[in-house]
Amino acid sequence: MFSNSEEKNEYNSMLLASDLDGTLIATKESYVSNEGIARLHKLFSHQSDNRLAYVTGRGFDLALRGLAEHGLPTPEFLICDVGTSLYHRVDKEYALSEGYQSKLRAIWGEGLFKEIDRLLSDFPECEQQAEDCQTEFKRSFFISVDDSVDKRLDSYAAILEKHGIAASIIFSVDPLTGKGLLDVLPKGVNKEFALTYLHELSGASRAEIVYAGDSGNDLAVFTSAWNAIMVSNTPERVKERARLERGASDFQLFEATKPCVEGVLEGCEHFGFA
433 MFSNSEEKNE YNSMLLASDL DGTLIATKES YVSNEGIARL HKLFSHQSDN RLAYVTGRGF
493 DLALRGLAEH GLPTPEFLIC DVGTSLYHRV DKEYALSEGY QSKLRAIWGE GLFKEIDRLL
553 SDFPECEQQA EDCQTEFKRS FFISVDDSVD KRLDSYAAIL EKHGIAASII FSVDPLTGKG
613 LLDVLPKGVN KEFALTYLHE LSGASRAEIV YAGDSGNDLA VFTSAWNAIM VSNTPERVKE
673 RARLERGASD FQLFEATKPC VEGVLEGCEH FGFA
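Per this note's numbering, the very first residue in the sequence shown carries number 433; after that it's consecutive.
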């Protein structure tokens, strides 16, 4: 386990922080690229100075299962549960970062999840996901996807705020099932929040970190001051919001012309990975 005094490593190499489902894990048969996976392994081999992190909505065990099933390279860091847990691989074992957990606990005290579940259960279109999808800092629901979804998201946020719960509402669409996914996290916590902590922990500068993603829960990074890759299969709704909300920055949002892993590799080439 890591404490608040976690040591930072100093490197001068590039670090790719990539989403999994819809980004490195293909959502359509036509997006599958065994050659691309092989090239990814070469890019992050032991002979390379490049470093790798995965940033996913999956829980830890499901993330590891996905890596094995799809033959992905082993990462140095795993950020799971939409940015609410962080693991660092040391001596072939992953350790949960206690420093990061303490940081989240300082934002969001214990015991709020029961109140969140109770309040959102009043919305019939809001269906709680399985218990193994719930964590101390993430409550997850299925919601319907239609033209009223933005208005409903505002309603969820308003009811939580009314009851004094400081929370972030993260909406995305499951690329495999098309279901709407709603995650309730501590206020200000998302994948970008976790990426900022990873930047501090890893010793990599912002210029040495490149993020890759494809969905609504990647928007916090796409619209912030990071170099980022948006693969071509990213939904148009997400692309439009990323372009609109990106703002002026010294960092680039690269829109790949290829989907999934091929798009990530295209972006890695653009950003100068060795």
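Just so you know, even glycine gets a beta-carbon here, dropped at the ideal spot from N, CA and C.
Check, Outcome
"Contacting residues, own chain, Cβ-Cβ under 7 angstroms from R673 (five flanking each side not counted)", "L651"
"Residues that F625 bridges to, as DSSP identifies them", "According to DSSP, F625 bridges with nothing at all."
"Delimiting residues of the beta strand (DSSP E) encompassing R571", "571-575"
"Spatial neighbours of V581 in its chain, beta-carbon cut-off 8 angstroms, leaving aside the 5 residues before and after", "I575, F603, G612"
"Classification of F434 by the beta-carbon crowding that lies within 10 angstroms, buried from 16 upward", "Any answer about F434 is weak, because its pLDDT of 34 lies below 50 and its placement is not dependable; what the coordinates show is given next. By the 10 Å Cβ count, F434 comes out buried."
"Nearest-angstrom Cα separation, counted from D513 out to Y629", "15 angstroms"
"Enclosing beta strand (DSSP E) for F686 [first to last residue]", "685-687"
"Selected residue, minimal CA-CA separation from L504, among V621, N482, Y486", "Y486"
"Beta carbon of L617 nearer than 8 angstroms to that of K570", "yes"
"Residues near Q560 in its chain [Cβ-Cβ closer than 6 angstroms; skip 5 each side]", "F573"
"8 angstroms contact criterion, which T488 and P607 should meet: CB distance rounded", "The Cβ separation is near 13 angstroms, so there is no contact."
"Bridge-paired residues (DSSP) for R521", "Y526"
"Segment limits, alpha helix (DSSP H) that includes A589", "581-594"
"Reduced DSSP category for S437 - H, G, I as helix; E, B as strand; rest coil", "Reliability of the predicted coordinates at S437 is poor, the pLDDT of 39 falling under 50, and the value obtained from them is presented with this limitation in mind. Coil at S437, not helix or strand."
"Nearest candidate by alpha-carbon position, reference A449, set I661, A688, E668", "I661"
"Outcome for T430 when other beta-carbon atoms lying within 10 angstroms are tallied against a minimum of 16", "The structure shown has nothing for residue 430, since the chain only spans 433 to 706."
"Which listed residue (F555, P507, T567, G468) has its alpha carbon closest to that of D586", "F555"
"V663 - DSSP class collapsed to helix/strand/coil", "coil"
"Proximity winner among K535, F509, G541, I539, relative to A527 (alpha-carbon distances)", "F509"
"Beta-carbon spacing of S647, V670 below 8 angstroms", "yes"
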